[in-house]
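Engineer: Protein chains in written order, with our numbering: chain Z, 69 to 845; chain H, 2 to 297. Ideal Cβ positions, reconstructed from N, Cα and C, are used throughout, including at glycine. Model, not experiment: these values are computed from the prediction. Just passing along the structure, written as structure tokens.
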Amino acid sequence: MKEFKEVGRPLTRVDAFDKVTGRAKYCYDLLPTDHLVAKMVLATVGNGRVVSIDTSEAEKVPGVVGVFTCFDPDLPTQPFGTAGHPWSCDPAHQDIQDRNILTQRVRQYGDVVAAVVAEDTVAADRAVRAVKVEYEEYPLELTRLEAIDHAEDFPPLHEARPNNIIAHVDNRTEVKGGYDSVEQILEDPQWHRTHIEVKTPRQSQAHIELCLSFAYAEGDRIVVVSSTQLPHICRRIVAQALGRPWGDVRVIKPYIGGGFGNKQDILYEPLNAWLCEKVGGRCVLLELTREEVFAYTRSRQPKECHIDAAWDDDMNLKARSLEGWSNQGSYAAHGHALMANTANSFRQEYSAKELAHHGIATTFYSNETCAGAMRAYGVPEGNWAAEVLMSDIAYDMGWDGAEFRLNNFMELGYRDPFWPGPLCCYSRGIDECVAKGKELIGWDEKRAAYKNQTGPIRHGVGVALFSYKTSVAGLSLETSNVRMNLAQDGSIMLQMGATEIGQGADTVFSQMAAETVGVPTEMVHIVSQQDTDVTPYDSGAYASRQTYVAGTACRKVAEELREKILDYAHFLYPTHQTPFDMRDGVIYDIAGNEVTTIADVSIQSYYHPTNAKQIEAQDGVNVQENTFAMGACFVDLTVDIPLAKVTVNDVVEVHDSGVIINPKTAEQQVHGGIAQSIGMALSEELLTNPKDGSIRNNNLLDYKIPTMMDLPDLRADFVETYDPTGPYGNKALGETPCIPAAPAVRDAILNATGVKFYEAPMTPQRLFEGFKKEGLV
Amino acid sequence: MYDITYFHEATSVQDAVKALTEHPEAKVIAGGTDVLVQIREGRFGPTELVSIHELRDELWGVVLDEDETICIGPITWFHAVNQDPICQERIPVLCEACDTPGGPQLRVSGTIGGNVANGITSADTASTLFAYGARLVLEGPHGRRTVPIEEWYAGPGKTVREHDEILVSIQIPRDHYEGFYGDYIKYGKRNALEIATMGCCCLVKLTDDHETIEDVRFAYGVAGPTPCRSHAAEEAARGKTVAEAAELVGDAALEDLHPRDSWRASKDFRMQLIKEMTKRALVNAANKGGSSASWK
Numbered sequence: 069m070k071e072f073k074e075v076g077r078p079l080t081r082v083d084a085f086d087k088v089t090g091r092a093k094y095c096y097d098l099l100p101t102d103h104l105v106a107k108m109v110l111a112t113v114g115n116g117r118v119v120s121i122d123t124s125e126a127e128k129v130p131g132v133v134g135v136f137t138c139f140d141p142d143l144p145t146q147p148f149g150t151a152g153h154p155w156s157c158d159p160a161h162q163d164i165q166d167r168n169i170l171t172q173r174v175r176q177y178g179d180v181v182a183a184v185v186a187e188d189t190v191a192a193d194r195a196v197r198a199v200k201v202e203y204e205e206y207p208l209e210l211t212r213l214e215a216i217d218h219a220e221d222f223p224p225l226h227e228a229r230p231n232n233i234i235a236h237v238d239n240r241t242e243v244k245g246g247y248d249s250v251e252q253i254l255e256d257p258q259w260h261r262t263h264i265e266v267k268t269p270r271q272s273q274a275h276i277e278l279c280l281s282f283a284y285a286e287g288d289r290i291v292v293v294s295s296t297q298l299p300h301i302c303r304r305i306v307a308q309a310l311g312r313p314w315g316d317v318r319v320i321k322p323y324i325g326g327g328f329g330n331k332q333d334i335l336y337e338p339l340n341a342w343l344c345e346k347v348g349g350r351c352v353l354l355e356l357t358r359e360e361v362f363a364y365t366r367s368r369q370p371k372e373c374h375i376d377a378a379w380d381d382d383m384n385l386k387a388r389s390l391e392g393w394s395n396q397g398s399y400a401a402h403g404h405a406l407m408a409n410t411a412n413s414f415r416q417e418y419s420a421k422e423l424a425h426h427g428i429a430t431t432f433y434s435n436e437t438c439a440g441a442m443r444a445y446g447v448p449e450g451n452w453a454a455e456v457l458m459s460d461i462a463y464d465m466g467w468d469g470a471e472f473r474l475n476n477f478m479e480l481g482y483r484d485p486f487w488p489g490p491l492c493c494y495s496r497g498i499d500e501c502v503a504k505g506k507e508l509i510g511w512d513e514k515r516a517a518y519k520n521q522t523g524p525i526r527h528g529v530g531v532a533l534f535s536y537k538t539s540v541a542g543l544s545l546e547t548s549n550v551r552m553n554l555a556q557d558g559s560i561m562l563q564m565g566a567t568e569i570g571q572g573a574d575t576v577f578s579q580m581a582a583e584t585v586g587v588p589t590e591m592v593h594i595v596s597q598q599d600t601d602v603t604p605y606d607s608g609a610y611a612s613r614q615t616y617v618a619g620t621a622c623r624k625v626a627e628e629l630r631e632k633i634l635d636y637a638h639f640l641y642p643t644h645q646t647p648f649d650m651r652d653g654v655i656y657d658i659a660g661n662e663v664t665t666i667a668d669v670s671i672q673s674y675y676h677p678t679n680a681k682q683i684e685a686q687d688g689v690n691v692q693e694n695t696f697a698m699g700a701c702f703v704d705l706t707v708d709i710p711l712a713k714v715t716v717n718d719v720v721e722v723h724d725s726g727v728i729i730n731p732k733t734a735e736q737q738v739h740g741g742i743a744q745s746i747g748m749a750l751s752e753e754l755l756t757n758p759k760d761g762s763i764r765n766n767n768l769l770d771y772k773i774p775t776m777m778d779l780p781d782l783r784a785d786f787v788e789t790y791d792p793t794g795p796y797g798n799k800a801l802g803e804t805p806c807i808p809a810a811p812a813v814r815d816a817i818l819n820a821t822g823v824k825f826y827e828a829p830m831t832p833q834r835l836f837e838g839f840k841k842e843g844l845v
Numbered sequence: 002m003y004d005i006t007y008f009h010e011a012t013s014v015q016d017a018v019k020a021l022t023e024h025p026e027a028k029v030i031a032g033g034t035d036v037l038v039q040i041r042e043g044r045f046g047p048t049e050l051v052s053i054h055e056l057r058d059e060l061w062g063v064v065l066d067e068d069e070t071i072c073i074g075p076i077t078w079f080h081a082v083n084q085d086p087i088c089q090e091r092i093p094v095l096c097e098a099c100d101t102p103g104g105p106q107l108r109v110s111g112t113i114g115g116n117v118a119n120g121i122t123s124a125d126t127a128s129t130l131f132a133y134g135a136r137l138v139l140e141g142p143h144g145r146r147t148v149p150i151e152e153w154y155a156g157p158g159k160t161v162r163e164h165d166e167i168l169v170s171i172q173i174p175r176d177h178y179e180g181f182y183g184d185y186i187k188y189g190k191r192n193a194l195e196i197a198t199m200g201c202c203c204l205v206k207l208t209d210d211h212e213t214i215e216d217v218r219f220a221y222g223v224a225g226p227t228p229c230r231s232h233a234a235e236e237a238a239r240g241k242t243v244a245e246a247a248e249l250v251g252d253a254a255l256e257d258l259h260p261r262d263s264w265r266a267s268k269d270f271r272m273q274l275i276k277e278m279t280k281r282a283l284v285n286a287a288n289k290g291g292s293s294a295s296w297k
């Protein structure tokens, strides 16, 4: 394994001081004082059509500048897609374009039918309440049964897809072992078999900073400052929605207070830009309320999976089939990509011994609120399905769940048969992850101690593993561009297209650049803010792609910059023999003699009388390879059966994310992910009111994020493999921490009580029902 | 931004009463942890406010009367009640209850008076005050009147307080607390930032053997539209040993209490909680008084 100097340092985040002192600039901090505010008029029916809108009272409210409705003649008519995916020049691979800035056809409760622009929010709120909207209501189609099986009974949600099917994919692997089909294996009486049905919730990203943007005109162009994960994609989609040339739109992305995938969609930036146009280019702020963010932005897709499996007496899975449905809601947004990830991750993780695998995955429209990307993008749902199955089998067979899982886990060299490009298990530290996790949690001791419990209070220990591809290389475009230049003192300005969204990207990119150029990280100044007019192109923060893809670009540009510095050093000191080397900012010749420093080279490059030019490098990469991160989670908990209450006592999550660029920020990343996954296990879900399709608990009280009081000290650990495809041996870590804790909690509850739960979150209500069914209360 | 059209910072209780008389739509605000949330939600539209926030001389703090009645000023923060030496010594279960609303920030702005004045069944201190038989003193344009807490609630979110009356004191007479040990169990779906799914307070007085129940009170939040007691559970427990009573009180409480079905929790689940929490609150309270009974 390569020795690193800057990579691997447990550095404090480069933005830590500014963020904790309040100096860091977020969207709201950049807002001009003379701005107007916009508020949306949201549909109060779940399915229907706007018949008329009366704005006369609203327009009379003092402070109102304008009320704009879905009947506005200036409203762009071309639909647009909102997913934060790279554009494809091939129409067949473009995202579904099914949304308008304001809509007459109401497809969900909260669809935007009009908007108010006013001098302040009080005036805007009063005007919104004064807008009178008349609807023609249609019956609601919320469930799979209504939306798929009875689609013909409802007026079509989207004319292009009257059957509500966004995608339906049926994948069968090659059948081994002399069988003809996966069904034949599943029916072979010599194997054990089971059928289970699992559900996962509409989890919310629940980032702390709300969704907001502001827009103003500059010359003939529109500037949008947005809390987005992907400024370059935002530029493209705003322009597409407005029907303007893409260069007419400039997007600026300052620091953002979390996104977790919600800001991987372009949400209301197009509306914001259009309202700005409508008021003559004055600056308009569109900041959602917390309630609006919960209910009317994006959330994890609610999913349901039916699973069949067969296995032998020796801990070998023989075959599995999964049929899954994803309730996408009113608009396609990310389309089938999420459900595909669910089915793919289910297939990939325990692929080692299977003779055949069958996966059917469907994504459908309904009147539910529009879902979208959330951290780990469909994989927590696939992992829930895979792990609940393993949990049941190990419990029923009396096996050690960790051993059973390891025996079936993806092997080194595994290649996914359905991934269009290379997706391979290039490095595999799962055995070490499990060994470390078992030791830290006290697996063997606890399993022995928790046998044969009785009484109302019981203890359990559980395990879950996961695998996760790094980036979307091989499936979708993976490109990234980076610029670096030298300041006079030899420090390096680093400008990434990839974005800091709270995950620590700026810090690890600074370390990478420093590593490859050959300077201490302290000499790298990263430009955190992206501005599409000046920032090199990158698709943005999602898919745990940035350290891998943008990291590759960062290394490439750093190599180029380093070459230029060394070349210039040789120009300055031609008597020294090349190749030169640079370590810690000091340049050496082939013999190891000190030649000069980067500071000297840099200042001469600025002010040399005959050969002055700033040393800089800019370049991009197309990454084609893709590899798997993996890991294991162990949970110890206590179940109070009569009160249906789970207390998590200890969590250990061990990750193989390849080489860890920064152990401190990596650990923090894992802590946050565990908390999110425990939320999915026990409490987090947005609830739809079946009467009108509205969200019942769209606030931070009724949407139950675990608090500090609900979590034990979270323990993160790492097994560092060196992945040959990662720029510094690194693999995904951004999203993986929020995958395995949920099923590990489920496994521990089973260990404690003997009761099998299939639906997440396992709320007190569901636990009570489960315990009651089993006669425990 | 809050849609507030009138704001009066009262200089005395009588000044607040006068402002309320002059502004028939005005709301009283103290800590603001309920009222501001509701204004923000647009629940009242444009809102007029009369603030009693600054009336610390008249409405803050805990004092002991000459007859040892505990008098709690209604604008006393939850945290201040929790930390008060008089409360800690004589009514520690109220201190426990005052440590459960929201989080630390809320408990240094939310007030105990607001917690009963809002009339909400889930209010964390309400069931405990109910168990203690608190008396609520109101002051209006025509002077003061005292309302026993049993007569305070007029329906969900409603109390008998008239628009121009201010809650000025929460009083617990000596014979209501002396000799009682208590326990408050808040059942929430998480351990902080939570409104109770069910709340149960038990006060128990034991005979000299520390095992026989001389007197007992069970009071609940969220078991009905307003906080309430279960006299059936109290009847079932009186005169029995703690261990005997523990087996009976849960089912007995269900004779009195009729929780509702909602999306937050089913009726069945709430009944299970009542049953189990009644038992545990009794045993926990009795354990503090020296009983060796166990609910497990």
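Cβ of residue 786/Z less than 7 Å from any chain H Cβ?
Structural biologist: no
Engineer: Which value, in whole angstroms, describes the spacing of the CA atoms of residue 163/H and residue 261/H?
Structural biologist: Looking at the two C-alpha atoms, the distance is approximately 28 Å.
Engineer: Examine chain H for any beta-carbon lying closer than 7 Å to the beta-carbon of residue 772/Z, and answer yes or no.
Structural biologist: yes
Engineer: Which residue comes first and which comes last in the beta strand (DSSP E) that contains residue 203/H?
Structural biologist: 199-207
Engineer: Give me the chain H residues within the contact set of residue 777/Z, using Cβ-Cβ distance strictly less than 8 Å, ordered along the chain.
Structural biologist: 191, 192 and 193
Engineer: Spell out a yes or no on whether the segment 110-125 of chain Z and the segment 175-182 of chain Z are touching, meaning 3 or more CB-CB pairs, one atom from each, closer than 8 Å.
Structural biologist: Segments in contact, yes.
Engineer: Could you check whether the Cβ of residue 266/H sits closer than 7 Å to any Cβ belonging to chain Z?
Structural biologist: Chain Z, which has a Cβ nearer than 7 Å to the Cβ of residue 266/H, makes this yes.
Engineer: Quick test of your reading: residue 215/H and residue 207/H, contact by CB under 8 Å. State the CB separation rounded to the nearest angstrom.
Structural biologist: 6 Å
Engineer: If we call anything under 7 Å between Cβ atoms a contact, is residue 386/Z one with residue 449/Z?
Structural biologist: no
Engineer: Here's the rule: buried if 16 or more other CB atoms are within 10 angstroms of the residue's CB, otherwise exposed. What is residue 82/H?
Structural biologist: buried
Engineer: Between the alpha carbons of residue 838/Z and residue 266/Z, how many angstroms are there, rounded?
Structural biologist: 14 Å
Engineer: Assuming residue 145/Z and residue 167/Z form a contact by the criterion Cβ under 8 Å, report the distance between their Cβ atoms to the nearest whole angstrom.
Structural biologist: Between residue 167/Z and residue 145/Z the Cβ distance is about 12 Å, and since that is not below 8 Å, they are no contact.
Engineer: Taking the continuous alpha helix (DSSP H) assigned at residue 141/H, which residues delimit it?
Structural biologist: Careful: residue 141/H lies outside any alpha helix (DSSP H), inside the beta strand (DSSP E) at 136-141.
Engineer: Using only CA atoms, which one of 169/H, 132/H, 151/H and 75/H lies nearest to residue 138/H?
Structural biologist: 169/H
Engineer: Go to residue 482/Z, then tell me how far its alpha helix (DSSP H) extends in each direction, as first and last residue.
Structural biologist: Annotation: residue 482/Z is outside any alpha helix (DSSP H) and is labelled neither H nor E by DSSP.
Engineer: Given 8 Å as the limit, is there contact between the segment 678-687 of chain Z and the segment 541-552 of chain Z, that is, 3 or more CB pairs closer than that?
Structural biologist: The segment 678-687 of chain Z, when compared against the segment 541-552 of chain Z, does touch it at the 8 Å Cβ threshold.
Engineer: Could you tell me whether the Cβ of residue 814/Z comes closer than 7 Å to any Cβ of chain H?
Structural biologist: no
Engineer: Where do the N-terminal and C-terminal ends of the beta strand (DSSP E) with residue 16/Z fall, by residue?
Structural biologist: Here chain Z covers residues 69 to 845 and nothing more, so residue 16/Z does not appear.
Engineer: Considering only residues of the same chain and omitting the five flanking positions on each side of residue 170/Z, which have a CB-CB separation below 8 Å?
Structural biologist: 136, 137, 138, 140, 143, 180, 181, 182, 183 and 339
Engineer: Are residue 396/Z and residue 216/Z touching if we call contact CB-CB under 7 Å?
Structural biologist: no
Engineer: For residue 78/H, which three-state DSSP category applies?
Structural biologist: strand
Engineer: Is residue 28/H close to chain Z? Criterion is C-beta to C-beta, closer than 7 Å.
Structural biologist: no
Engineer: Can you list, in chain order, the residues of the segment 43-62 of chain H whose Cβ is nearer than 7 Å to any Cβ on chain Z?
Structural biologist: 43
Engineer: Residues in the same chain with beta-carbon distance under 8 Å from residue 276/H, minus the five sequence neighbours each way, listed in chain order, please.
Structural biologist: 251, 252, 254 and 255
Engineer: What in chain Z is Cβ-close to residue 2/H, meaning under 7 Å?
Structural biologist: By Cβ distance, chain Z contributes 188, 189 and 190.
Engineer: State buried or exposed for residue 114/H, treating a residue as buried only when at least 16 other CB atoms are found within 10 Å of its CB.
Structural biologist: By the 10 Å Cβ count, residue 114/H comes out buried.
Engineer: What residues are listed by DSSP as bridge partners for residue 560/Z?
Structural biologist: 554/Z and 592/Z
Engineer: Residues in the same chain with beta-carbon distance under 8 Å from residue 30/H, minus the five sequence neighbours each way, listed in chain order, please.
Structural biologist: 36, 37, 50, 51, 52, 53 and 54
Engineer: Residue 113/H lies in the alpha helix (DSSP H); which residues open and close that run?
Structural biologist: Taken as a continuous stretch (DSSP letters only), the alpha helix (DSSP H) holding residue 113/H covers 113-118.
Engineer: Terminal residues of the continuous beta strand (DSSP E) containing residue 214/H?
Structural biologist: That run of the beta strand (DSSP E) goes 214-222.
Engineer: For chain Z, is any of its Cβ atoms less than 7 Å away from the one on residue 206/H?
Structural biologist: no
Engineer: Contact between the segment 592-599 of chain Z and the segment 632-639 of chain Z: three or more CB pairs below 8 Å?
Structural biologist: Segments in contact, no.
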